[in-house]
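Single-structure report; data block below.
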Amino acid sequence: MLETTWKIRFATQTDVPFLREMLYEAVCWRPHQPRPPLEEVLAEPELAKLLSGWGRNGDTAVVAEWEDGMPVGAAWYRSWMAENHSYGFVDADTPELGIAVRQEFRQRGIGTALLTALLQQARRSAIARISLSVEPENYSRALYEKLGFKRVGTSGTSLTMLLELR
5 MLETTWKIRF
15 ATQTDVPFLR
25 EMLYEAVCWR
35 PHQPRPPLEE
45 VLAEPELAKL
55 LSGWGRNGDT
65 AVVAEWEDGM
75 PVGAAWYRSW
85 MAENHSYGFV
95 DADTPELGIA
105 VRQEFRQRGI
115 GTALLTALLQ
125 QARRSAIARI
135 SLSVEPENYS
145 RALYEKLGFK
155 RVGTSGTSLT
165 MLLELR
């Protein structure tokens, strides 16, 4: 049996700065491309709101920690209203998912484990479906499709995908 050198845990309010780092990783996912500074990227209004006021009812996140306790990835979901929503918005009853793993820790099954844990929590919370936004060429799209997400639309240059949980 293969041993993992990381564990998954629920995020706390003290993890918000790390969730911001992971949002940056999700936005700047392309390897070998210049990356603007984190604060510059996350100051964009469409991105700034994604984690603003984190901790409201329904906000849920899990964090992957390496064996030394260092956080290496996170997945989260939160709900939006029609008049103030994010890229993967479907409706007010469908939370939108975000996920990222630090570049040097990718391809180790961490993303799959994060999504599995987060989707299990969504089911326990009686969430019927969950959405996400992904650029068509993003390699993580294959993982989403493997887990059952289906394309339901577009938002700008990104695909909106949906997973039925019930």
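This note's numbering applies: residue 5 is where the sequence shown begins, and numbers increase by one.
Don't be surprised by glycine CBs; every beta carbon is placed ideally from N, CA and C.
Using the three-state DSSP reduction, which class does residue i fall into: helix, strand or coil?
{"i": "residue 166", "result": "strand"}
{"i": "residue 98", "result": "coil"}
{"i": "residue 69", "result": "strand"}
{"i": "residue 14", "result": "strand"}
{"i": "residue 21", "result": "helix"}
{"i": "residue 133", "result": "strand"}
{"i": "residue 148", "result": "helix"}
{"i": "residue 47", "result": "coil"}
{"i": "residue 115", "result": "helix"}
{"i": "residue 143", "result": "coil"}
{"i": "residue 158", "result": "strand"}
{"i": "residue 82", "result": "strand"}
{"i": "residue 120", "result": "helix"}
Compare the C-alpha of residue i against each of the options and name the closest.
{"i": "residue 96", "options": "82, 105, 104 and 107", "result": "82"}
{"i": "residue 15", "options": "79, 8, 32 and 43", "result": "79"}
{"i": "residue 153", "options": "113, 58, 41 and 101", "result": "101"}
{"i": "residue 99", "options": "137, 115, 40 and 157", "result": "137"}
{"i": "residue 142", "options": "163, 50, 11 and 38", "result": "163"}
{"i": "residue 159", "options": "50, 38 and 27", "result": "50"}
{"i": "residue 94", "options": "157, 38, 145 and 27", "result": "157"}
Do you know offhand how far residue i's Cα is from residue j's?
{"i": "residue 126", "j": "residue 20", "result": "19 Å"}
{"i": "residue 134", "j": "residue 169", "result": "7 Å"}
{"i": "residue 110", "j": "residue 74", "result": "15 Å"}
{"i": "residue 196", "j": "residue 70", "result": "The displayed coordinates of the chain run from 5 to 170. Any statement about residue 196 would go beyond what the structure contains."}
{"i": "residue 155", "j": "residue 166", "result": "6 Å"}
{"i": "residue 43", "j": "residue 23", "result": "13 Å"}
{"i": "residue 35", "j": "residue 25", "result": "16 Å"}
{"i": "residue 29", "j": "residue 103", "result": "9 Å"}
{"i": "residue 17", "j": "residue 61", "result": "13 Å"}
{"i": "residue 33", "j": "residue 130", "result": "31 Å"}
{"i": "residue 77", "j": "residue 147", "result": "15 Å"}
{"i": "residue 139", "j": "residue 161", "result": "7 Å"}
{"i": "residue 31", "j": "residue 13", "result": "23 Å"}
{"i": "residue 150", "j": "residue 48", "result": "31 Å"}
{"i": "residue 105", "j": "residue 57", "result": "22 Å"}
{"i": "residue 11", "j": "residue 108", "result": "17 Å"}
{"i": "residue 9", "j": "residue 37", "result": "29 Å"}
{"i": "residue 45", "j": "residue 132", "result": "32 Å"}
{"i": "residue 59", "j": "residue 112", "result": "29 Å"}
{"i": "residue 27", "j": "residue 72", "result": "22 Å"}
Exercise. Is there contact here, the segment 52-67 with the segment 116-124, by at least three beta-carbon pairs under 8 Å?
Worked result: yes
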